[in-house]
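**Q** The structure follows.
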Amino acid sequence: MGKTMIMKIMERAAHKEVHTGERVWCDIDWSTARDFGGANCTLQFDEITENKGKVWNPERIAFTFDLQAPSHSEKVSNNQKIIREFARRQGIKHVFDINRGIGQHVLLEHGHVLPGDVILGTDSHMNLLGAVGAFATGVGNTDIAASWLNGTNWFRVPDTMKIEVTGEFPCGVSMRDFLTLLVGDLGAGGLDFLAVEFTGDAIDRATLAERITLCSMVTEMSGKIGLILPSGAVLDWLAERAGPEARVRAGAIKPDPDAVYIETRKYDVSRLEPMASCPDAPDNVKPVREIAGTRVDQVHIGSCTNGRFEDIAAAYEVLERGGFKVSPDVRTIITPATTEVMKKCAERGMIEKFLDAGIVFTNPTCSLCTAEHYGALPSGDVGCSTTNRNFIGKVGKGSHTYLLSPMTAMATAVRGVITDPRDIVC
Amino acid sequence: MKIKGRVWKYGDDVNTDVIFAGKYTYTIKDRAEMARVALEDLDSDFTKNASPGDIIVAGKNWGCGSSREQAAICLKERGIGAIIARGFARIHYRNCLNEGLPIIISSELQDLIQKGDEIEIDFDLGEITAAGKKIKFPPYPEFVQGLVNDGGLIPHVKKSLGLA
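Which chain is which? The protein sequence lines are A and B, in order. Okay, so the first sequence: first residue is 1 according to the numbering used here, each after it adds one. Okay, so the second sequence: first residue is 1 according to the numbering used here, each after it adds one.
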């Protein structure tokens with residue numbers, strides 16, 4: 001019987017044949033932690049080893065500082081210090097401090113992620129690394145601390161759903177809109193314990209940024225991992241960053257022609273329209289035109305889901321067509337995913353235009369993914385965001401958030417009310 | 001092992017942000033303090049009145065969203081005896097196991113009971129007694145039971161390394 005991508009990944013890591021439904025121990029290629037939760041991992045590791053333990057491999061552990069960078073309080077600063085001291089003591093060199101950006105993106109840009117890798121992290125959106133064919137997953141601090149003892153952890157070999165995406169996106173519509181449609185279709189638990197393989201001509205043409213957007217939101221359907229076989233320009237980019245081994249490893253995870261899928265779903269995006277996740281759940285989905293005119297207080301563009309250069313460039317185009325001015329009644333914040341993305345925005349002269357338009361352009365962080373950050377919403381405010389969750393209270397008690405594509409978010413910032421971007425750009 | 005407790009009943013897709021709010025993840029390190037704010041953004045009645053031994057009964061996909069382990073710790077520390085749900089989100093499932101918080105997958109109970117009802121769980125027999133009925137639930141998968149028997153993931157890994 002043929003193997004799916006996730007089975008091939010797990011067979012390499014488990015050094016044996018695997019079958020769906022069984023639980024297997026896998027070797028871990030990277031076990032990472034971020035500032036948010038990282039101190040819990042290091043303190044737990046020290047506790048269980050009575051301060052005498054050495055991690056299994058300091059070259060395979062990374063720390064990323066992304067949720068509160070720079071720290072906004074003494075308590076956060078102290079947590080970050082705990083991580084830095086642990087890294088020094090353990091000889092862990094891969095410390096991406098407050099100047100780098102969102103962890104998964106930084107690891108990817110630095111060439112640390114190969115197709116077929118098994119990666120743990122304390123961020124539930126680790127699985128966006130499925131965009132380059134890696135199996136990455138968020139876990140709690142105990143799972144991280146345990147993996148530091150011997151470089152392994154256990155996983156259930158999941159069934160796989162295949163999702164074929166075909167067609168060209170119409171003007172004003174993007175991968176985020178398809179994803180929002182998908183979350184609405186499948187629901188918050190729609191991919192429970194499943195892996196997904198995304199295929200089809202729309203995926204073949206998709207940029208790395210679009211693939212990341214798609215894979216990151218698998219979490220919001222309770223899926224284990226969304227995988228895309230690296231191809232074309234994405235594989236070239238990866239090989240440039242991570243070395244020629246990326247091509248070999250991509251070849252090794254190609255699903256067999258007779259691989260078995262529990263379900264295959266097909267979507268054609270050529271007639272898709274802009275979509276929104278409405279308060280207070282990602283799967284509360286409506287077309288943007290049905291909520292157009294809704295007054296908003298704040299617009300945020302960024303996050304691990306939609307914080308790449310292409311996302312910000314799409315928003316820039318809407319701003320340009322809208323007259324380079326955002327509504328004075330809306331606070332608009334843009335946060336690039338990484339320093340590399342920020343530099344590219346600077347090189348193109350985009351940041352100056354954003355600032356002149358009345359927008360706050362911040363350093364790279366996870367930014368408004370939680371209320372524990374600058375820009376948290378006060379009670380009663382309505383926010384629009386390109387982040388991945390709009391759970392009640394998530395970015396401020398008593399506030400409500402609409403999740404939108406970067407284009408729809410910027411169109412909304414320009415007009416001051418929720419706006420279909422096709423009204424401005426098409 | 002048998003436990004008896006009062007039911008707190010919830011629906012589908014309860015996320016870890018409402019079980020343990022993100023704003024507390026830095027400021028609260030003390031486990032007893034974590035227990036005091038459990039479910040604050042979901043059910044203030046629970047936050048005020050849940051007692052040790054109480055049992056949570058939920059719908060599908062309990063514990064979806066963020067990976068924070070505090071969502072399991074705060075319930076364990078509050079003394080919650082077990083969580084019975086139609087299904088668990090996978091990261092939270094692992095976190096509950098790692099914290100030693102018993103979790104049961106069952107779909108029959110939700111329609112039989114109301115908030116405040118008293119139910120009994122017999123883990124040895126795999127049986128819940130509720131509203132005068134007996135409901136069977138499956139044991140943990142063998143692999144998971146092995147981890148539980150060792151006292152959790154960390155003791156299991158230490159044992160395999162000859163450290164325990």
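All C-beta atoms, glycine included, are put in the ideal place defined by N, C-alpha and C.
May I ask which residues mark the beginning and end of the beta strand (DSSP E) holding Asn57 of chain A?
**A** Asn57 of chain A -> no beta strand (DSSP E), and no H or E assigned at all.
**Q** I'd like to confirm the pairing. Which residues does DSSP put opposite Trp62 of chain B in its beta bridges?
**A** B:Phe88
**Q** Is it buried or exposed, Cys171 of chain A, if we count other Cβ atoms within 10 angstroms and call 16 or more buried?
**A** exposed
**Q** Would you say Ala134 of chain A reaches chain E, if we count a Cβ-Cβ gap shorter than 8 Å as a contact?
**A** This model lacks chain E altogether, as its protein chains are A and B.
**Q** Report back the beta-carbon spacing between Asn388 of chain A and Met217 of chain A to the nearest angstrom; my notes put them in contact at under 8 Å.
**A** Confirmed, Cβ separation roughly 6 Å.
**Q** On the criterion of 16 or more Cβ atoms from any shown chain inside 10 Å, does Leu355 of chain A qualify as buried, or is it exposed?
**A** So Leu355 of chain A counts as exposed.
**Q** Here's the rule: buried if 16 or more other CB atoms are within 10 angstroms of the residue's CB, otherwise exposed. What is Pro139 of chain B?
**A** It counts as exposed.
**Q** Does Lys75 of chain A have its Cβ less than 8 Å from a Cβ in chain B?
**A** yes
**Q** Could you tell me which residues DSSP pairs with Ile83 of chain B in its beta bridges?
**A** Beta-bridge pairing links Ile83 of chain B to B:Ile56, B:Ile103.
**Q** Could you tell me the distance, in whole angstroms, from the CA atom of Thr294 of chain A to the CA atom of Thr264 of chain A?
**A** 36 Å
**Q** For Ser277 of chain A, which residues does DSSP report across the bridge?
**A** When beta bridges are read from the DSSP output, Ser277 of chain A appears opposite A:Val285, A:Leu403.
**Q** If you follow the beta strand (DSSP E) that Lys136 of chain B is in, where does it begin and where does it stop?
**A** Run containing Lys136 of chain B: 133–136, per the beta strand (DSSP E) assignment.
**Q** Taking Cβ to Cβ, would you say Ala188 of chain A is nearer than 8 Å to Asp283 of chain A?
**A** For Ala188 of chain A and Asp283 of chain A, yes; Cβs fall inside 8 Å.
**Q** Determine the chain A residues that contact Leu75 of chain B at a beta-carbon separation under 9 Å, and present them in chain order.
**A** Result: empty, since nearest Cβ-Cβ is about 13 Å, beyond 9 Å.
**Q** Threshold first: 4 residues or longer. Then list the alpha helix (DSSP H) segments lying entirely within the stretch 197–225 of chain A, N to C.
**A** Those alpha helix (DSSP H) runs which fall completely within the stretch 197–225 of chain A and span 4+ residues are 201–205, 208–216.
**Q** Output yes if chain B places a C-beta closer than 8 Å to the C-beta of Glu372 of chain A; else output no.
**A** Taking 8 Å as the threshold, the shortest C-beta distance from Glu372 of chain A to chain B falls below it.
**Q** With a threshold of 8 Å between beta carbons, is Ile392 of chain A in contact with chain B?
**A** yes
**Q** Please classify Ala461 of chain A as buried or exposed, where buried requires at least 16 neighbouring CB atoms within 10 angstroms.
**A** Any question about residue 461 of chain A goes unanswered here, given that chain A covers just 1 to 426.
**Q** Please check if any C-beta of chain B sits within less than 8 Å of the C-beta of Lys456 of chain A.
**A** The shown model of chain A, from 1 to 426, leaves out residue 456 of chain A, and the question about it has no answer.
**Q** Would you list the residues sitting across from Ala259 of chain A in a DSSP beta bridge?
**A** A:Gly2
**Q** So the candidates are A:Arg308, A:Pro421, A:Gln298, A:Thr305; which of them puts its Cα closest to the Cα of Gly380 of chain A?
**A** A:Gln298
**Q** Mind pulling the chain A residues with CB within less than 7 Å of Ser66 of chain B?
**A** Ser124
**Q** Give a yes or no on whether the C-beta atoms belonging to Tyr402 of chain A and Cys278 of chain A are separated by under 8 Å.
**A** Going by C-beta atoms, Tyr402 of chain A is nearer than 8 Å to Cys278 of chain A.
**Q** Please state the DSSP three-state secondary structure of Ala195 of chain A.
**A** strand
**Q** Consult DSSP for Lys29 of chain B and reduce its assignment to one of helix, strand or coil.
**A** If DSSP states are grouped into helix, strand and coil, Lys29 of chain B belongs with coil.
**Q** State the DSSP-derived secondary structure class of Ser379 of chain A, mapped to helix, strand or coil.
**A** Reduced to three states, the DSSP call for Ser379 of chain A is coil.
**Q** Of all Cβ atoms in chain A, is any one closer than 8 Å to the Cβ of Phe143 of chain B?
**A** yes
**Q** Could you tell me which uninterrupted beta strand (DSSP E) segments, each at least 3 residues in length, are contained entirely in the stretch 223–252 of chain A, listed from first to last along the chain?
**A** 225–227
**Q** Taking any Cβ of chain B, which residues in the stretch 179–212 of chain A have a Cβ under 7 Å from it, in chain order?
**A** Ala188, Gly189, Asp192, Phe193
**Q** Ala146 of chain A versus chain B: which residues are under 7 Å apart at the beta carbon?
**A** Near Ala146 of chain A (Cβ distances below 7 Å), the residues of chain B are Leu153, Ile154, Val157.
**Q** Among A:Val24, A:Thr42, A:Val173, whose alpha-carbon lies nearest the alpha-carbon of Asp420 of chain A?
**A** A:Val173
**Q** Taking only runs of the alpha helix (DSSP H) that begin and end inside the stretch 345–395 of chain A, which ones reach a length of at least 4 residues, in chain order?
**A** Whole alpha helix (DSSP H) segments, 4+ residues: 350–356.
**Q** Any C-beta of chain A sitting closer than 8 Å to the C-beta of Val37 of chain B?
**A** Contacts with chain A at 8 Å (Cβ-Cβ) do not include Val37 of chain B.
**Q** Is Val288 of chain A close to chain B? Criterion is C-beta to C-beta, closer than 8 Å.
**A** no
**Q** What first and last residue would you give for the beta strand (DSSP E) that runs through Cys26 of chain A?
**A** Note, Cys26 of chain A: beta strand (DSSP E), 23–27.
**Q** Mind checking Phe143 of chain B: buried by the 16 CB within 10 Å criterion, or exposed?
**A** Answer is exposed; the Cβ neighbour count stays below 16.
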